[in-house]
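Okay, structure first, notes after.
Chains as they are written, first to last, in my numbering: chain A, 580 to 843; chain B, -10 to 258.
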């Protein structure tokens, strides 16, 4: 309970930091170029006839939502944790009464607000400029979308935290993290909508954890899922979140036991 | 004439020395070679996988068959390997040197500042991109049962070199920018981001994107145009335009460097 009472102050502190260094976040938007390249090619292909049920408008809607959702749920903390562990700065966080995970979570949450506020205007313009209806904006869908985003963010954060915990034993954790990002971007619906994979593969991908951070929220927002499908996939995602949380806890416990920096 | 030759020989010797130095430093971390190769292979797997996905829905895209597109993908890997291995480490060094004032040590040397600052350090392990790219191109040609003639190879190599020169000049322009705006975090991401467009043939994009990447920001010259040269369906006008673009950008970057250096007030003065 004490943790909750500390959060407002923690968030305020990290918010000021995020607002001060906002130029850094502009660079993170460049990450959206690859999916937009894919979008252009799909749109080119769909001009004559739909590709596997996707019209050009569908592609535009899907990728716009994917770029937005990626900024909502995407997390990149591995490099920072790695630096803290290698330089020994982590010790400073360890002697504080609050677990180090809360510092990172507060930072991730506040960074989100800065990026999303930058993205909303361009996406709104694009949505209005492209003819046709791309998003399902009923209150029930939006609520489900919000829930899916929250689960996706939790999954992303915990998965990154788990990976970052590997820095207690290996030096090239950021390399591992880069490989993970790659796999996740491709199999998680950021680069290609999952429905466009060959049939057996696309139904298998629904059961993997990668779908929770981008594919699920996007498919909900673009109105491609029935209520039952959304519920089932949300449950699958939540189960993965629980599993990853346990894994992250085990890794960090073992890691902190082995951690031998100056002053630890 | 003799003097020009002497200068060229001196710069070539310097270049060899820089490469040797970097290689020795790289060899200290041998595992990095395996790591970089692994990353390139993974990247290639996705690039080919992405292309396979497109082609599982259509037989040709923008007039390009799957194996023809693989040549473009291969050239993309060559270009990004070149940027990773040569331009990125130097860009990093210049940003750091301008910030700390260590740039002075480069400027007082009796060598051209642009040459020294942009070609000083290499990361040879990142050349894995070149290896992967060349393999893809070879595989595609084999599958196409295509044996390009001498003229086609010559055009391919000339345009490929021009493409690398274009990329070099773009990066050098960015590096020159670092003298004015010191705190540009990750500015090289801009070039890498734009380069993503070169992953696929320019004709696969719908207008107006296609026009932009073939004429305004000539990123199509990095992969699409050399691939067309190899396939023997190059339009001479477009090739000429690419060569001119590369030449103009190189000249522009040299001028930008002269301007940046002459207006540079070091951290100590």
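Glycine included, every Cβ here is placed at the ideal spot set by N, Cα and C.
Being a predicted model, the structure only gives us computed values, none of them experimental.
Please name the residue or residues paired with residue i in a DSSP beta bridge.
i	result
residue 50 of chain B	B:53
For residue i, which three-state DSSP category applies?
i	result
residue 633 of chain A	strand
residue 258 of chain B	Because the pLDDT of residue 258 of chain B is 49, which lies under 50, any placement of that residue in the model is unreliable, and the number read from its coordinates should be weighed accordingly. In the structure shown, residue 258 of chain B sits in coil (DSSP, three-state: anything other than H, G, I, E or B).
residue 677 of chain A	coil
residue 819 of chain A	helix
residue 767 of chain A	coil
residue 63 of chain B	helix
residue 242 of chain B	helix
residue 200 of chain B	helix
residue 785 of chain A	coil
residue 701 of chain A	helix
residue 748 of chain A	coil
residue 145 of chain B	helix
residue 58 of chain B	helix
residue 153 of chain B	helix
residue 18 of chain B	coil
residue 185 of chain B	helix
residue 113 of chain B	helix
residue 224 of chain B	coil
residue 843 of chain A	Here the model assigns residue 843 of chain A a pLDDT of 48, short of 50, so the residue's position is not dependable, and the following value carries that caveat. DSSP places residue 843 of chain A in coil when its eight states are reduced to three.
residue 739 of chain A	helix
residue 267 of chain B	No answer is possible for residue 267 of chain B: the residues shown for chain B start at -10 and end at 258.
residue 84 of chain B	helix
residue 837 of chain A	helix
residue 826 of chain A	helix
residue 672 of chain A	helix
residue 915 of chain A	Chain A is shown from 580 up to 843; residue 915 of chain A falls before or after that span and cannot be answered.
residue 714 of chain A	coil
residue 103 of chain B	helix
residue -9 of chain B	helix
residue 230 of chain B	helix
residue 8 of chain B	helix
residue 524 of chain A	Nothing in the structure corresponds to residue 524 of chain A, since chain A is present only between 580 and 843.
residue 614 of chain A	helix
residue 801 of chain A	coil
Identify, in the order they occur along the chain, each residue of the same chain with its Cβ nearer than 7 Å to the Cβ of residue i, setting aside the five sequence neighbours on each side.
i	result
residue 125 of chain B	33, 59, 62, 63 and 66
residue 728 of chain A	648, 651, 652 and 796
residue 81 of chain B	none
residue 180 of chain B	72, 159, 160 and 163
residue 614 of chain A	642, 645, 646, 769 and 770
residue 635 of chain A	622, 625 and 626
residue 56 of chain B	129, 132 and 133
residue 192 of chain B	51, 52, 53 and 199
With a threshold of 6 Å on Cβ separation, who are the neighbours of residue i within its own chain once the five nearest residues in sequence on each side are excluded?
i	result
residue 26 of chain B	117
residue 75 of chain B	111
residue 737 of chain A	823, 824 and 827
residue 710 of chain A	none
residue 663 of chain A	669
Looking only at its own chain, which residues have a Cβ that is under 8 Å from the Cβ of residue i, when we skip the five neighbours before and after it?
i	result
residue 801 of chain A	637, 640, 641, 644, 713, 714 and 715
residue 742 of chain A	657, 752, 755, 756 and 759
residue 24 of chain B	114
residue 98 of chain B	105
> How do the region 62 to 75 of chain B and the region 209 to 217 of chain B stand: do at least 3 beta-carbon pairs fall below 8 Å, yes or no?
Replying inline: yes
> Got a sec: which bits of the region 31 to 52 of chain B sit with their beta carbon under 8 Å from any beta carbon on chain A, in order along the chain?
Replying inline: 31, 32, 35, 38, 39, 42, 43, 45, 46, 47, 50 and 51
>> Does the region 142 to 159 of chain B come into contact with the region 30 to 48 of chain B, if we say contact requires no fewer than three beta-carbon pairs (one atom in each stretch) closer than 8 Å?
In response: no
> Listed from N- to C-terminal order along the chain, which residues in the region 182 to 200 of chain B have their beta-carbon within a distance smaller than 8 Å of any beta-carbon of chain A?
Replying inline: 182, 183, 185, 186, 188, 189, 193, 194, 195 and 198
> At a cut of 8 Å, does the region 775 to 786 of chain A reach the region 682 to 700 of chain A through at least three beta carbon pairs?
Replying inline: no
> Using Cβ-Cβ distances below 7 Å, what residues of the region 684 to 709 of chain A are close to chain B?
Replying inline: none
> So, do the region 702 to 722 of chain A and the region 610 to 622 of chain A have three or more beta carbon pairs nearer to each other than 8 Å?
Replying inline: no
>> Under 8 Å: do the region 822 to 834 of chain A and the region 682 to 690 of chain A share three or more Cβ pairs, one atom per stretch?
In response: no
> Between the region 797 to 808 of chain A and the region 673 to 681 of chain A, do three or more beta carbon pairs fall short of 8 Å?
Replying inline: no
> Touch check for the region 242 to 254 of chain B and the region 161 to 169 of chain B: three-plus C-beta pairs under 8 Å?
Replying inline: yes
> Between the region 618 to 646 of chain A and chain B, which residues of the former have a C-beta closer than 7 Å to a C-beta of the latter?
Replying inline: 619, 620, 622, 623, 624, 626, 630 and 631
> Within the chosen definition, does the region 730 to 737 of chain A reach the region 810 to 822 of chain A through at least 3 CB pairs nearer than 8 Å?
Replying inline: yes
> Going along the region 737 to 751 of chain A in order, which residues come within less than 7 Å of chain B, judged by CB to CB distance?
Replying inline: 751
> Going along the region 751 to 770 of chain A in order, which residues come within less than 9 Å of chain B, judged by CB to CB distance?
Replying inline: 751, 754, 757, 758, 761, 762, 764, 765 and 770
>> Under 7 Å, CB to CB, which of the residues in the region 783 to 802 of chain A have a partner in chain B?
In response: none
>> Does the region 183 to 194 of chain B come into contact with the region 608 to 616 of chain A, if we say contact requires no fewer than three beta-carbon pairs (one atom in each stretch) closer than 8 Å?
In response: yes
>> Would the region 228 to 236 of chain B count as touching the region 147 to 158 of chain B if we require 3 or more Cβ pairs under 8 Å?
In response: yes
> If you measure beta-carbon to beta-carbon, which residues of the region 217 to 230 of chain B are closer than 8 Å to chain A?
Replying inline: none
> According to a CB-to-CB cut-off of less than 7 Å, which residues of the region 809 to 831 of chain A neighbour chain B?
Replying inline: none
> Going along the chain, which residues of the region 655 to 673 of chain A sit with their C-beta nearer than 8 Å to a C-beta in chain B?
Replying inline: none
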